[in-house]
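**Q** Could you have a look at this structure, given as C-alpha cells, before my questions?
Set out below in C-alpha cells:
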C-alpha cells in the first residue's frame, strides 16, 4: 500500500493495479470526453488492466452514431493483443459512391440511408521501456463487411473511407515518462493506414498523445493525431481525436 507521501489521489488504495494478486475478476473502464462515451466491461483472469486474459464488451456512443464491440483480449507486460468485431450505425453519414477523392462536404451531405458496417479486427499494441520513456507501437488488420456492393463507407474508428474489405494500420512513437512514479506520459506518434482496394489511399498522421494519471482509477487522456498526407480532404474528421477526456477504471478486488 502507498505511504502518506504518495502523490496520487487516494492513499487507501494500492498505487497500481499490478500490486494486487491474480484472480478472476470483473472490471469496467469508462471513457467520457468531447462528444463521446465509451463504457467497457471486461471479465477474465489475472491482474486487471495489467496482465490478464478475458473478454471485452463495450457499447460506443458519439455524436456521429451508435455501435458496439466484443472480443477477446490478452494483456501481458509490454504487449496487449485483442481480436473481435465492431458494429457501427451512423446517424447521418451514408454509403458513398466510388470516387478517387472525397472532401468533408461530400462525406457529410451524400444522400441515402445511414451507413452501417461490421468490422472484424485484430490489433497488437506494444510499449517497451527505452531510456526516459517507452517506445510504443500498434499494428492492426481490419476486415469491413456489411457494405452494399459498389459502395464505400467511412469507418468511424479508423477515420478513413474504405473500399471493403481490408484496412491495415501501423503506429510508432515515443512517450516520455513523467511523475514521481513515472505514471504520467506525453509523447509523439506517427500513424500509417492503407486501404488496399483504393488507389493512392495511404494516410499519414502525426501528433501528440497525453496520459495524466490522477489515481489508479482516474486518468486524463488526450490524442491529437492530425492527418498530414491523404488523398481525401476530410479535415479534422479524418484525424485521430479518439481521446480527449477522462478515463475511470474499476475492478473487483
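In the numbering used here, the protein residues as written are 19 to 271. Ideal placement from N, C-alpha and C gives every residue a C-beta, glycine not left out. Being a predicted model, the structure only gives us computed values, none of them experimental.
1) Take the Cβ of residue 12 as the centre, count every other Cβ of all protein chains shown within 10 Å, and call the residue buried at 16 or more, exposed below.
2) Report, in whole angstroms, the separation of the C-beta atoms of residue 144 and residue 97, which I expect to be a contact under 8 Å.
3) Output the boundary residues of the alpha helix (DSSP H) element that contains residue 122.
4) Tell me which same chain residues have a C-beta within less than 6 Å of the C-beta of residue 105, skipping the five on either side of it?
5) Thinking C-alpha only, which one of 154, 170 and 181 is nearest residue 192?
6) Flag this pair as yes or no: are the beta carbons of residue 221 and residue 206 separated by less than 8 Å?
7) How is the beta strand (DSSP E) around residue 268 delimited, first residue to last?
8) What did DSSP end up calling residue 103 once you bin it into helix, strand or coil?
9) Whose C-beta lies closer than 7 Å to the C-beta of residue 65 among residues of the same chain, with five residues either side of it excluded?
10) Quick check: what's the CA-CA separation for residue 188 versus residue 141?
11) How would you call residue 19, buried or exposed, if buried means at least 16 neighbouring beta carbons within 10 angstroms?
12) With burial defined as no fewer than 16 other Cβ atoms inside 10 Å of the residue's Cβ, what is the status of residue 268: buried or exposed?
13) Would you mind sorting residue 117 into buried or exposed? The rule is 16 or more other CB atoms within 10 Å of its CB.
14) So, with DSSP's three-state summary, where would you put residue 36?
15) Classify residue 254 as helix, strand or coil using the three-state DSSP reduction.
16) Count the other C-beta atoms from every protein chain shown that fall within 10 angstroms of the C-beta of residue 55, then say buried if there are 16 or more, exposed otherwise.
17) Assign residue 141 to one of three DSSP states: helix, strand, or coil.
18) What three-state label does DSSP hand residue 259 in the structure shown?
19) Is there at least one Cβ from chain B nearer than 8 Å to residue 61's Cβ?
**A** Well, looking at it:
1) There is simply no residue 12 to check, as the chain begins at 19 and stops at 271 in what is shown.
2) 6 Å
3) 122 to 127
4) 85, 86 and 136
5) 154
6) no
7) 262 to 269
8) strand
9) 35, 36, 38 and 40
10) 10 Å
11) Confidence at residue 19 is low in this model, with a pLDDT of 40, below 50, so the placement of that residue is unreliable and no value is reported for it.
12) exposed
13) exposed
14) helix
15) helix
16) exposed
17) strand
18) coil
19) Chain labels in this structure do not include chain B; a single protein chain is all it has.
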